[in-house]
Amino acid sequence: GQPDLKGMKHNFSDVPASQWFNNAVTWGSNRGVVSGFGGGIFKPEDAVTIEQVAVILWNYSHTPEGYGELSGVGKYSDWAANALRWAVDKDLLENVPFTNVTEKATRAQTAQILTNYMRAN
Numbered sequence: 013g014q015p016d017l018k019g020m021k022h023n024f025s026d027v028p029a030s031q032w033f034n035n036a037v038t039w040g041s042n043r044g045v046v047s048g049f050g051g052g053i054f055k056p057e058d059a060v061t062i063e064q065v066a067v068i069l070w071n072y073s074h075t076p077e078g079y080g081e082l083s084g085v086g087k088y089s090d091w092a093a094n095a096l097r098w099a100v101d102k103d104l105l106e107n108v109p110f111t112n113v114t115e116k117a118t119r120a121q122t123a124q125i126l127t128n129y130m131r132a133n
């Protein structure tokens, strides 16, 4: 199915209404799940990083508290710290090989993070 977009605002100039992903991006941005890069830019063709996947799942989970230790995640962005604490606390990065969470997430890494998320919830 498709998300109900009634009353939702189209937030990104680089996400044309005719694109197949428009409904998902519009729903996600209006629900606070995705936020783009500021200035009305989403960058739909960019790959996501491991920390961005963690932030998306954290936002989807309504930004719960997390108390995980960040020493094992390598280099990370300040804006992702709370989401990463939560992800570590919930073992979402368990069995996900990486050097640091700012690297691009492979399909395999993303699948493992999603599997860990589903197991935790």
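Reminder that position 91 of the sequence shown reads as 103 in my numbering, one-by-one numbering, no gaps.
For glycine and all other residues, C-beta sits at the position ideal for the given N, C-alpha and C.
Per DSSP, reduced to three states, the secondary structure at Thr118 is coil, with no helix or strand assignment. DSSP places Thr61 within a strand segment (E or B) once states are collapsed to three.
Membership of Ser30 in any alpha helix (DSSP H) is not indicated, and neither H nor E is assigned to it by DSSP. Under the three-state reduction of DSSP output, Met130 falls in the helix class. Residue range Ala93 to Asp101 is occupied by the alpha helix (DSSP H) that includes Val100.
Comparing alpha-carbon positions, the option among Arg119, Asn133, Gly86 and Thr75 lying closest to Trp98 turns out to be Thr75.
Shown here, Gln14 sits in coil according to DSSP, grouped into three states, outside any helix or strand. The stretch 68–85 and the stretch 50–59 do not touch, with fewer than 3 CB-CB distances between them shorter than 8 Å.
Spatial neighbours of Glu106 in its own chain (CB-CB distance under 7 Å, excluding positions within 5 residues in sequence) are listed in chain order as Asn128. By the C-beta criterion, the stretch 115–128 is judged not to be in contact with the stretch 36–54, since fewer than 3 inter-stretch pairs fall below 8 Å.
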